Amino acid sequence: MALQSPIMNLMVAAARKAARGLVRDFGEVEQLQVSKKGVSDFVTTADLKAEKTLVAELNKARPGYGFLLEEGGVRAGTDPHFRWIVDPLDGTLNFMHGIPHFAISIGLERDGEIVAGVIYQPVGDEMFLAEKGQGAWLNNRRLRVSARRLPEESLFATGIPFKDRPGHDEFLAQCRAVMAVSAGIRRQGSAALDLAYVAAGRYEGYWETRIHAWDMAAGILLVREAGGFVTDLAGGSTMLESGDIVAANQQMHPILLDLLAKAKP
Ligand code: IPD
Ligand code: CA
Ligand code: CA
Numbered sequence: 001m002a003l004q005s006p007i008m009n010l011m012v013a014a015a016r017k018a019a020r021g022l023v024r025d026f027g028e029v030e031q032l033q034v035s036k037k038g039v040s041d042f043v044t045t046a047d048l049k050a051e052k053t054l055v056a057e058l059n060k061a062r063p064g065y066g067f068l069l070e071e072g073g074v075r076a077g078t079d080p081h082f083r084w085i086v087d088p089l090d091g092t093l094n095f096m097h098g099i100p101h102f103a104i105s106i107g108l109e110r111d112g113e114i115v116a117g118v119i120y121q122p123v124g125d126e127m128f129l130a131e132k133g134q135g136a137w138l139n140n141r142r143l144r145v146s147a148r149r150l151p152e153e154s155l156f157a158t159g160i161p162f163k164d165r166p167g168h169d170e171f172l173a174q175c176r177a178v179m180a181v182s183a184g185i186r187r188q189g190s191a192a193l194d195l196a197y198v199a200a201g202r203y204e205g206y207w208e209t210r211i212h213a214w215d216m217a218a219g220i221l222l223v224r225e226a227g228g229f230v231t232d233l234a235g236g237s238t239m240l241e242s243g244d245i246v247a248a249n250q251q252m253h254p255i256l257l258d259l260l261a262k263a264k265p
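Count the sequence shown with the numbering used here and you get residues 1 to 265, in order.
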């Protein structure tokens with residue numbers, strides 16, 4: 001393991017432990033011959049179990065830290081400086097459909113700044129790590145964002161708003177703008193992994209709107225520590241509050257921001 005600090009060891013161990021349960025449950029989902037409702041209840045339980053394991057492990061080692069949990073909401077800690085931001089299962093819809101593209105995401109915030117992040121994709125055993133000032137890593141390999149400079153050679157990732165979520169027309173305009181100049185767009189279904197893939201140089205860039213702090217906390221640090229840029233849609237830093245995020249390598253970030261700014265429904 002490249003990053004050996006106690007905090008990284010703790011986050012990695014917690015992610016691995018919670019992942020064992022998720023992988024077992026994923027095996028079950030693939031076998032389940034139950035109603036649609038049955039699968040979704042089963043997945044909700046898997047999700048809650050993973051979150052419980054993560055909270056127990058992190059809390060055991062750092063009892064004073066607070067939490068922002070996707071399932072459990074805000075849990076205040078006695079230490080006002082530190083807070084864990086946790087998504088126990090990012091890519092739930094994939095998980096539910098037997099698609100092995102999902103992850104656990106743990107970010108650690110100190111005084112409002114993300115200082116450590118882990119995104120673990122258990123099926124492929126990909127452990128993405130970052131600690132502020134220490135770089136980003138995938139298993140034992142140092143990560144660097146992609147060096148591609150031309151939009152027409154670039155692959156972008158995004159998320160599509162669904163059902164009654166707002167922003168459908170806005171998204172279609174953004175997609176139209178990006179697809180017209182790029183090599184392609186992917187929607188793989190896990191914001192955390194989309195960000196990890198930008199850090200790993202697999203995508204040149206990623207954008208999504210109206211997501212949550214737990215989808216992106218760890219990923220923001222990964223991209224930055226890999227040499228990439230992360231902002232909101234206006235080029236500012238309100239990602240965690242606004243839910244809007246644009247992450248890319250140095251060359252593509254201003255281009256992507258500009259395309260999105262000009263995209264009007
Ligand atoms: C979702 C995924 C997806 C994104 C959605 C998120 P979940 O998280 O990250 O890629 O497009 O907006 O809600 O529900 O699978 O934890
Ligand atoms: Ca989730
Ligand atoms: Ca999520």
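All residues carry an ideal CB built from backbone N, CA and C; glycine is no exception. These numbers come from a predicted model, not from an experiment.
*When burial is assigned at 16 or more other CB atoms within 10 Å of the CB, is PHE162 buried or exposed?*
Residue numbering aside, residue 162 sits at position 162 when the sequence shown is read from its first letter. Counting the other Cβ atoms within 10 Å of the Cβ of PHE162 gives fewer than 16, which makes it exposed.
*At least 3 beta-carbon pairs within less than 8 Å: the segment 207-226 vs the segment 116-136*: Verdict: yes, contact present.
*chain C contact for GLY66 (CB, 8 Å cutoff)*: Absent from the structure is chain C; it holds one protein chain and no more.
*asked:* By alpha-carbon positions, which one of ILE114, CYS175, LYS262 and LEU240 ends up nearest to ILE185?
replied: For the purposes of this step, residue 185 is taken as the residue at position 185 of the sequence shown. Among ILE114, CYS175, LYS262 and LEU240, the Cα nearest to that of ILE185 belongs to CYS175.
*Could you tell me whether any non-hydrogen atom of ligand 4 is closer than 7 Å to the CB of GLU113?*
This structure lacks ligand 4; the ligands present are ligand 1, ligand 2 and ligand 3.
*asked:* Here's the rule: buried if 16 or more other CB atoms are within 10 angstroms of the residue's CB, otherwise exposed. What is SER5?
replied: Numbered from its first residue, the sequence shown carries residue 5 at position 5. It counts as exposed.
_Contact set for ARG20: own chain, Cβ-Cβ below 6 Å, skip 5 residues either direction_ = Start at 1 with the first residue of the sequence shown, and residue 20 comes out as number 20. The beta carbon of ARG20 is closer than 6 Å to none in its chain, skipping five residues each way along the sequence.
_Contact check, ALA200 vs LEU257, beta carbons under 8 Å_ = The residue labelled residue 200 in the question sits at position 200 within the sequence shown. The residue labelled residue 257 in the question sits at position 257 within the sequence shown. Judged by beta-carbon spacing, LEU257 lies beyond the 8 Å limit of ALA200, meaning their Cβ atoms are not closer than that value.
*Is there at least one non-hydrogen atom of ligand 2 closer than 7 Å to the beta-carbon of LEU89?*
Along the sequence shown, one-based indexing puts residue 89 at 89. Relative to ligand 2, LEU89 has its C-beta within less than 7 Å of a heavy atom.
*If you measure from the CB of LEU93, is any heavy atom of ligand 1 nearer than 7 Å?*
Taking the first residue of the sequence shown as 1, we reach residue 93 at position 93. The answer is yes for LEU93.
*Counting only the same chain and skipping the five closest in sequence on each side, list residues whose C-beta sits under 7 Å from that of MET179.*
By one-based count along the sequence shown, residue 179 stands at place 179. For MET179, where only same-chain residues beyond five positions count, the Cβ hits under 7 Å are ILE185.
*May I ask you to check if the CB of GLU208 is nearer than 7 Å to at least one heavy atom of ligand 2?*
Position 208 of the sequence shown, counting from 1, holds the residue named residue 208. Incorrect: GLU208 has no Cβ contact closer than 7 Å to ligand 2.
*Element boundaries [beta strand (DSSP E), containing THR92]*: Locating residue 92 in the sequence shown gives position 92, where the first residue counts as 1. Looking at the DSSP string, THR92 is not in any beta strand (DSSP E); the run it does join, the alpha helix (DSSP H), is 92-96.
*Is LEU93 closer than 8 Å to LEU46 when the C-beta atoms are compared?*
Start at 1 with the first residue of the sequence shown, and residue 46 comes out as number 46. Start at 1 with the first residue of the sequence shown, and residue 93 comes out as number 93. The sequence given here places Ala at residue 46; Leu does not occur at that position. Not closer than 8 Å, so no.
*Alpha carbon to alpha carbon, what distance is there between HIS253 and ALA136?*
As a first step, residue 136 is located in the sequence shown; it is residue number 136 there, counting from the start. As a first step, residue 253 is located in the sequence shown; it is residue number 253 there, counting from the start. Cα-Cα distance, rounded: 19 Å.
*Residues in its own chain within less than 6 Å of ASP79 by CB, not counting five upstream and five downstream?*
In the sequence shown, the residue the question calls residue 79 occupies position 79. Non-local C-beta neighbours of ASP79 in its own chain, meaning closer than 6 Å and more than five positions away in sequence, comprise GLY64 and TYR65, ordered along the chain.
_DSSP three-state assignment for ASP87, whether helix, strand or coil_ = The count along the sequence shown starts at 1 and reaches residue 87 at position 87. DSSP places ASP87 in strand when its eight states are reduced to three.
*On the three-state DSSP scale, how would you describe MET1?*
Mapped onto the sequence shown, residue 1 falls at position 1. In this prediction, MET1 scores a pLDDT of 48, lower than 50, which makes its location untrustworthy; no coordinate-derived value is stated.
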